[in-house]
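**Student:**
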Amino acid sequence: MTTEGFGTRAIHAGQVPDPSTGAIMTPVYMTSTYVQESPGVCKDGYDYARSKNPTRHALEMNVASLEGGGHGFAFSSGLAAMDCVLHLLAAGDHVVLCDDVYGGTFRQLDKVFRHLGIETTRVDMTDLGATQRAMRPTTRLVWIETPTNPMLKVVDIAGVSAIAWQRGPVGGWKWGGGAGGAGRAGEPGRPGATRPPIVVVDNTFASPFLQNPLALGADIVLHSCTKYLGGHSDVVAGMLVARDEELADRLRFLQNAVGAVPGAMDCFLLLRSTKTLHVRMERHCENAGKVARFLAAHGSVERVVYPGLESHPQHAIARKQMRGYGGMITCTLRGGLDAARRFLERVRLFSLAESLGGVESLIEHPAIMTHASVPPENRAALGIADGLVRLSVGIEDASDLIADLERALA
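Reminder that position 362 of the sequence shown reads as 376 in the working numbering, one-by-one numbering, no gaps.
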């Protein structure tokens with residue numbers, strides 16, 4: 015394990031000067047195939063770009079280092095990364111899902127994999143007892159999102175991971191699909207191998223700078239690189255990081271077999287972005303803390319949810335497992351949908367748009383926009399009311415952001 019600091023790894027991990035020119039940035043390898051020395055004899059394992067690309071490989075090693083894992087896998091989107099994880103399962107398997115998650119996460123499980131025989135139970139994972147009760151003999155996967163989207167619940171990663179691992183190996187569970195085999199085209203893993211349920215953490219809101227789930231007991235970390243890892247609202251991509259060799263072999267097989275990999279240019283842009291992740295996240299956290307305190311004191315705001323406020327129900331857990339509280343804020347306006355609509359139409363520096371994690375500040379209405387695919391009764395149970403708005407606080411001057419919100423609220 016490297017002893018270098020986060021900022022040093024962000025800039026250097028996975029990257030060396032180009033051996034042919036000395037270029038300090040990893041080149042953009044826009045190639046689809048590679049010349050082989052002899053049939054089946056490839057230089058450094060490069061034969062076809064879907065399987066391996068030098069620019070993508072550098073990115074995968076970089077993010078794996080930031081998460082403290084040995085194996086990184088890049089995808090064309092965060093949902094493509096999720097699809098890879100769910101392909102570890104087979105019909106009849108059960109997933110325990112955090113109740114408050116990104117709408118696309120819910121949609122993929124409920125509208126796609128449910129029809130393939132994957133069962134899902136949603137549970138409030140801030141309640142460890144309820145999480146334990148949700149486990150079944152067929153539970154193969156535990157899906158955590160923390161902080162959650164959009165209600166910013168903070169889940170005790172170590173606590174939930176312990177529940178999964180205390181169950182021990184699930185009898186009779188084999189990796190989903192196919193038979194064991196060797197070689198690039200074969201199925202990886204040991205046929206008949208069993209293991210406890212896999213714990214996956216969507217770490218998108220926190221980023222590797224603020225939280226490292228693998229160190230807390232998780233098996234896989236997922237990122238929508240479109241958000242904080244990219245940070246400039248110009249790339250759509252996803253990433254998985256695993257700490258277990260056997261699990262990594264399976265993910266590598268699926269990444270290659272399904273083929274939802276990012277292009278070399280997107281990987282190059284992400285490598286540019288991870289170099290500044292630590293300084294961007296420091297500013298996101300600083301600004302969000304100031305904005306959250308302003309909103310909490312404003313008479314037009316009924317409630318503010320931000321893990322950095324002592325009023326947050328899981329503030330103590332956030333303080334324990336995170337290095338900072340992030341750039342995301344949720345607040346409920348007095349006056350319901352009409353008040354929220356007027357507010358969202360009047361902001362100027364905050365752009366009304368979906369997504370998050372960019373250097374520019376964004377604001378949106380979860381019930382109408384990002385979480386419209388979540389059934390209304392589920393939204394109501396979570397507190398996703400018509401007056402709820404979600405802010406992604408950027409790295410502009412905090413005083414200007416607060417002035418923009420003050421004008422819109424007035």
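Glycine included, each C-beta is placed from N, C-alpha and C at the ideal position. Note that the coordinates shown come from a computational prediction; the quantities given were computed from them, not determined experimentally.
Please give the ranges of any alpha helix (DSSP H) in the region 269-321, keeping only runs that are unbroken, at least 4 residues long and fully inside the region.
**Tutor:** Those alpha helix (DSSP H) runs which fall completely within the region 269-321 and span 4+ residues are 278-288, 291-310.
**Student:** Using the three-state DSSP reduction, which class does histidine 246 fall into: helix, strand or coil?
**Tutor:** Here histidine 246 sits in coil by DSSP.
**Student:** Would you call the region 103-116 in contact with the region 277-287, where contact means no fewer than 3 C-beta pairs closer than 8 Å?
**Tutor:** Flag = no, the region 103-116 and the region 277-287 do not touch.
**Student:** Please report how far the alpha carbon of arginine 154 lies from the alpha carbon of threonine 135, in whole angstroms.
**Tutor:** If you take the alpha carbons of arginine 154 and threonine 135, they lie about 12 Å apart.
**Student:** Check each candidate in Cys345, Cys299, Met336, Leu323 and name the one with the smallest Cα separation from glutamate 316.
**Tutor:** Minimum Cα distance to glutamate 316 is reached at Cys345.
**Student:** Following the continuous beta strand (DSSP E) through cysteine 345, name the residue where it begins and the one where it ends.
**Tutor:** Here the beta strand (DSSP E) through cysteine 345 covers 342-347.
**Student:** So is methionine 44 buried or exposed if we call it buried at 16+ other beta carbons inside 10 Å?
**Tutor:** Exposed, because fewer than 16 other Cβ atoms sit within 10 Å of the Cβ of methionine 44.
**Student:** Since glycine 117 and alanine 424 should fall inside the 8 Å C-beta cutoff, what is the C-beta to C-beta distance between them, to a whole number of angstroms?
**Tutor:** In fact, because the Cβ distance is near 31 Å, the residues do not count as touching under 8 Å.
**Student:** Measure the beta-carbon distance from serine 238 to threonine 218 and round it to whole angstroms, keeping in mind my assumption that it falls under 8 Å.
**Tutor:** The pair is a contact, with the Cβ atoms about 5 Å apart (cut-off 8 Å).
**Student:** Based on DSSP bridge pairs, tell me the residues matched to serine 238.
**Tutor:** Serine 238 is bridged to Gly252.
**Student:** Helix or strand or just coil, what does DSSP make of glycine 19?
**Tutor:** Correct three-state label for glycine 19: coil.
**Student:** Based on Cα-Cα distance, which residue from Arg348, Cys112, Asn163, Met295 lies nearest to proline 380?
**Tutor:** Closest option to proline 380, Cα to Cα, is Asn163.
**Student:** Check alanine 199 in the structure and name its three-state DSSP category.
**Tutor:** Residue confidence for alanine 199 is low, a pLDDT of 43 falling below 50, so the modelled location carries little weight; the figure read from the coordinates is stated next. In this structure, alanine 199 counts as coil in the three-state DSSP scheme.
**Student:** Where proline 93 and arginine 297 are concerned, what is the direct C-alpha to C-alpha distance, given to the nearest angstrom?
**Tutor:** Reading off the sequence, residue 93 comes out as leucine, not proline. Distance between the alpha carbons of leucine 93 and arginine 297: 27 Å.
**Student:** For aspartate 263, name the three-state secondary structure that DSSP assigns.
**Tutor:** In this structure, aspartate 263 counts as helix in the three-state DSSP scheme.
**Student:** Can you give the Cα-Cα distance for arginine 362 and serine 375, rounded to whole angstroms?
**Tutor:** Taking the straight line from one Cα to the other gives about 10 Å.
**Student:** Drop a sphere of 10 angstroms on the beta-carbon of glycine 206, count the other beta-carbons inside from all chains shown, and report buried for 16 or more, exposed for fewer.
**Tutor:** Reliability of the predicted coordinates at glycine 206 is poor, the pLDDT of 46 falling under 50, and the value obtained from them is presented with this limitation in mind. With fewer than 16 other Cβ atoms within 10 Å, it is exposed.
**Student:** Is DSSP giving isoleucine 171 helix, strand or coil here?
**Tutor:** It is helical.
**Student:** When you compare each of Gly349, Val214, Arg356 to leucine 254 by their alpha carbons, which one comes out closest?
**Tutor:** Here the closest residue by C-alpha is Val214.
**Student:** Taking the DSSP output, what are the residues bridged to histidine 85?
**Tutor:** Per DSSP, Ala256.
**Student:** Work out the CA separation of leucine 358 and serine 314 for me, nearest whole Å.
**Tutor:** Rounded to whole angstroms, serine 314 to leucine 358 spans 14 Å at the Cα level.
**Student:** Determine the contact status of leucine 415 and valine 407, defining contact as a CB-CB distance below 8 Å.
**Tutor:** Against a cut-off of 8 Å, the Cβ pair of valine 407 and leucine 415 comes out as a contact.
**Student:** Would you report the Cα separation of threonine 69 and leucine 243, rounded to the nearest angstrom?
**Tutor:** Using only the alpha carbons, I get a separation of about 16 Å.
**Student:** Alpha carbon to alpha carbon, how far is arginine 198 from phenylalanine 267?
**Tutor:** Any reading at arginine 198 must be qualified, since the residue scores a pLDDT of 39, below 50, and its modelled position is unreliable; the value itself is stated next. C-alpha separation (whole angstroms): 8 Å.
**Student:** To the nearest angstrom, how far is the alpha carbon of aspartate 411 from that of asparagine 301?
**Tutor:** Cα to Cα, the separation comes out at about 8 Å.
**Student:** Once the 5 residues before and after glutamate 133 are set aside, which same chain residues still bring their CB inside 6 Å of it?
**Tutor:** Same-chain partners within the cutoff: His108.
**Student:** What's the C-alpha gap between valine 99 and cysteine 112?
**Tutor:** The alpha-carbon atoms of valine 99 and cysteine 112 are separated by roughly 16 Å.
**Student:** Assign isoleucine 177 to one of three DSSP states: helix, strand, or coil.
**Tutor:** If DSSP states are grouped into helix, strand and coil, isoleucine 177 belongs with the helices.
**Student:** Determine the direct distance from the alpha carbon of glutamate 324 to that of serine 247, and round the result to whole angstroms.
**Tutor:** One C-alpha to the other measures close to 31 Å.
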